[in-house]
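Shown next, in structure tokens, is the structure this report addresses.
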Amino acid sequence: MTAVQRSTPQSAPTPNFDARPIDVRFLVIHYTAVDLERTLEIFADPARKAAAHLVIDRDGAIYECVPCWEGVALRAWHAGRSAWSTGVDRWETLNDWSIGIELVNYNGNVIDFTQAQYETLAHVIGHLARNYPALQAAESLLGHEQIAGFRGKADPGWHFDWPRVFAACYPEQPAPERPPVCPPALRDALARFVEIAPEAAPAANAFWERVSLLTETAVALAADGNRQ
Ligand SMILES: [Zn+2]
77 MTAVQRSTPQ
87 SAPTPNFDAR
97 PIDVRFLVIH
107 YTAVDLERTL
117 EIFADPARKA
127 AAHLVIDRDG
137 AIYECVPCWE
147 GVALRAWHAG
157 RSAWSTGVDR
167 WETLNDWSIG
177 IELVNYNGNV
187 IDFTQAQYET
197 LAHVIGHLAR
207 NYPALQAAES
217 LLGHEQIAGF
227 RGKADPGWHF
237 DWPRVFAACY
247 PEQPAPERPP
257 VCPPALRDAL
267 ARFVEIAPEA
277 APAANAFWER
287 VSLLTETAVA
297 LAADGNRQ
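Residue numbers for the sequence shown follow our numbering, so the first one is 77 and each next one is one higher.
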């Protein structure tokens, strides 16, 4: 991996955003559930109505789908129905308030993120925090599962090393808790899919997209059960 790959994003345009600037208060971390090529294909499809600002591939290369890098973030469609309470304030519809970063990973509850992704992510967070002052607080860093776990979102998942990212990006601040929403029994069951997964696209994408659907369905049911 070259330093050039890590330092600035390549453009990967999408129609799935609103062309108005947002007041950035949070960063939301996701995993893609498919490979880079399929991710960018989905984001380029207006019917899917989904896109994050940035995508970080397994090798650390950065792609900018919705503008944010230069200091004005437009409204990307990455968080969907979502809510977050800081103890003081309650935030809803996090697309209005956050930059979304997708890490390429078939399922972060059972598959590791790469060294290159962690290094690039730290660089990206450092860059964005210079442009968006709210991101200088460790508390601004969230996972999709923290804000939308109630409807089954389970990314970035068990294998995302939050303590490592907080230590790298916010060494002077206490690391907030970001517990995964996927129940351990489900995680262990999902791990069995890794053993039989096809390795090459498009079969791997088709396989893991379905596993992702299953993950979200099971997590939503578990969240529902917990509320009753
Ligand atoms: Zn997500």
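For every residue, glycine included, the Cβ atom is placed at its ideal position computed from N, Cα and C. Here the structure is a predicted model, which is why all the values come from computation and not from measurement.
Could you check where the alpha helix (DSSP H) with residue i kicks off and where it finishes?
{"i": "D94", "result": "Here D94 belongs to no alpha helix (DSSP H); instead the beta strand (DSSP E) covers 93–97."}
{"i": "I118", "result": "112–119"}
{"i": "L266", "result": "260–272"}
{"i": "V104", "result": "No alpha helix (DSSP H) contains V104, which is instead part of the beta strand (DSSP E) from 102–107."}
So, at 6 Å on beta carbons, what are the nonlocal neighbours of residue i in its own chain, with the 5 sequence-adjacent residues on each side left out?
{"i": "L218", "result": "F102, V104"}
{"i": "Y107", "result": "L179, N181, G184, D231, P232"}
{"i": "P274", "result": "A280, F283"}
{"i": "L204", "result": "L211"}
{"i": "R134", "result": "V180, T190"}
{"i": "M77", "result": "Residue confidence is low: M77 scores 46 on pLDDT, short of 50, so the model does not pin down where it sits. No coordinate-derived value is stated."}
{"i": "H154", "result": "A128, G176"}
{"i": "R124", "result": "I118"}
Can you find the residues in the same chain that come closer than 7 Å, C-beta to C-beta, to residue i, ignoring five residues on each side of it along the sequence?
{"i": "T169", "result": "S158"}
{"i": "A282", "result": "none"}
{"i": "R96", "result": "L150, R151"}
{"i": "P122", "result": "P91, N92"}
{"i": "G156", "result": "A224"}
{"i": "T196", "result": "R82, I132, G136, I138"}
Report the three-state DSSP secondary structure of residue i (helix, strand or coil).
{"i": "W173", "result": "coil"}
{"i": "Y208", "result": "coil"}
{"i": "Q249", "result": "coil"}
{"i": "R254", "result": "coil"}
{"i": "S216", "result": "helix"}
{"i": "R166", "result": "strand"}
{"i": "W238", "result": "helix"}
{"i": "A79", "result": "Only weak support is given to the placement of A79: the predicted model assigns it a pLDDT of 48, under 50, and the value that follows is read from those uncertain coordinates. In this structure, A79 counts as helix in the three-state DSSP scheme."}
{"i": "A155", "result": "coil"}
{"i": "E178", "result": "strand"}
Which term fits residue i, buried or exposed, when burial requires 16 or more other beta carbons within 10 angstroms of its beta carbon?
{"i": "K229", "result": "buried"}
{"i": "Y246", "result": "buried"}
{"i": "D188", "result": "exposed"}
{"i": "V131", "result": "buried"}
{"i": "G225", "result": "buried"}
{"i": "Q191", "result": "exposed"}
{"i": "L116", "result": "buried"}
{"i": "N302", "result": "exposed"}
{"i": "G202", "result": "exposed"}
{"i": "Y139", "result": "buried"}
{"i": "R114", "result": "buried"}
{"i": "I272", "result": "exposed"}
{"i": "Q193", "result": "buried"}
{"i": "V257", "result": "buried"}
{"i": "L289", "result": "exposed"}
Could you tell me which residues DSSP pairs with residue i in its beta bridges?
{"i": "H129", "result": "Paired residues: none, contrary to the question."}
{"i": "Y139", "result": "Q86, V131"}
Give the range of the beta strand (DSSP E) segment to which residue i is assigned.
{"i": "S288", "result": "No beta strand (DSSP E) holds S288; the alpha helix (DSSP H) holding it covers 279–303."}
{"i": "A149", "result": "Per DSSP, A149 belongs to no beta strand (DSSP E) and is neither H nor E."}
{"i": "A230", "result": "A230 -> no beta strand (DSSP E), and no H or E assigned at all."}
If you drop the 5 nearest sequence neighbours on each side, which residues of the same chain put their C-beta closer than 8 Å to that of residue i?
{"i": "A214", "result": "F242, C245, Y246, Q249, P250, A251, P252"}
Please tell me whether residue i has its Cβ less than 7 Å away from any Cβ of chain C.
{"i": "A152", "result": "Of the chains in the structure shown, none is chain C; there is only one protein chain."}
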